[in-house]
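J.: Pasting a structure below so you can have a look.
Numbering (this note's numbering), first residue to last: 12 to 255.
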């Protein structure tokens with residue numbers, strides 16, 4: 012599995028954590044290990060240009076997803092071998108997730124957590140869009156955000172266990188350590204053991220970011236839309252998470 016993290020935003024980010032999280036998500040979703048993924052961090056002017064060009068909407072946004080192949084999650088009980096993503100041993104490109112750290116930082120400030128946590132949340136959200144998930148309808152919303160929360164929680168739990176095993180504490184660029192997500196349904200935030208630097212990961216429910224409660228994506232400009240772009244002879248779609 013090839014995961015490329017490119018930071019062109021001018022903002023510090025834990026790129027190793029983003030790579031680890033992407034690998035965890037793709038593995039948990041049983042995506043074929045030979046797929047390739049690109050995660051790009053860009054500044055607000057660059058994101059605004061992409062947003063206008065591909066979505067026809069002015070201004071920046073937090074995350075855009077550009078699926079390259081028609082990969083879909085396997086049915087329950089499926090295996091890597093049953094899931095598309097490789098032809099004759101040749102890796103296929105899953106797509107691109109583009110994140111704007113500046114927008115993520117502002118959303119993190121309003122949500123009461125750090126910018127790295129917000130970028131991790133946006134990365135999972137973007138990856139699920141690449142895999143065909145959406146949240147336009149209530150049932151789709153519940154499925155996608157519930158899965159997003161479980162994937163984040165399981166990855167953070169693994170990092171905490173790994174850190175405890177080797178005597179280190181995982182943390183973002185600010186060195187504060189991994190922080191719990193708390194109860195997102197009410198907008199309140201729970202933390203774990205502050206004395207050790209490891210914080211708990213509470214249950215996450217999604218609210219409405221437009222009203223100020225954390226939801227991970229549905230924000231002021233609306234729900235994620237899809238468009239089209241052409242890359243060589245491959246036609247791709249694009250999804251976006253509206254800016255708050």
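Cβ coordinates follow ideal geometry from the N, Cα and C atoms, glycine included. Since this is a predicted model, take the numbers as computed values, not measurements.
(1) Pick helix, strand or coil for residue 112, following the three-state DSSP scheme.
(2) Output the boundary residues of the alpha helix (DSSP H) element that contains residue 71.
(3) Which residue or residues does DSSP assign as beta-bridge partners of residue 50?
(4) Indicate whether residue 72 and residue 114 have their beta-carbon atoms separated by less than 8 Å.
(5) Could you pull the start and end residues of the alpha helix (DSSP H) that residue 1 belongs to?
(6) CB-CB under 7 Å to residue 21, same chain, minus the five flanking residues each way: which ones, in chain order?
(7) Is residue 106 near residue 79, with beta carbons less than 8 Å apart?
(8) Under a three-way DSSP split, which group does residue 21 fall into?
(9) Starting from residue 29, trace the alpha helix (DSSP H) both ways and give me its first and last residue.
(10) Rounded to whole angstroms, what's the CA-CA distance from residue 19 to residue 63? Just pull it up for me.
(11) Could you check the C-alpha separation between residue 132 and residue 47 for me, to the nearest Å?
(12) If I measure Cβ to Cβ from residue 61 and keep anything under 8 Å in the same chain, skipping five residues before and after, which residues do I get?
T.: Checking against the coordinates, here is how it stands:
(1) helix
(2) No alpha helix (DSSP H) contains residue 71, which DSSP labels as neither H nor E.
(3) 16, 108
(4) yes
(5) Only positions 12 to 255 of the chain appear in this structure, which leaves residue 1 out of reach.
(6) 54
(7) yes
(8) coil
(9) 26 to 39
(10) 19 Å
(11) 20 Å
(12) 53, 75, 109
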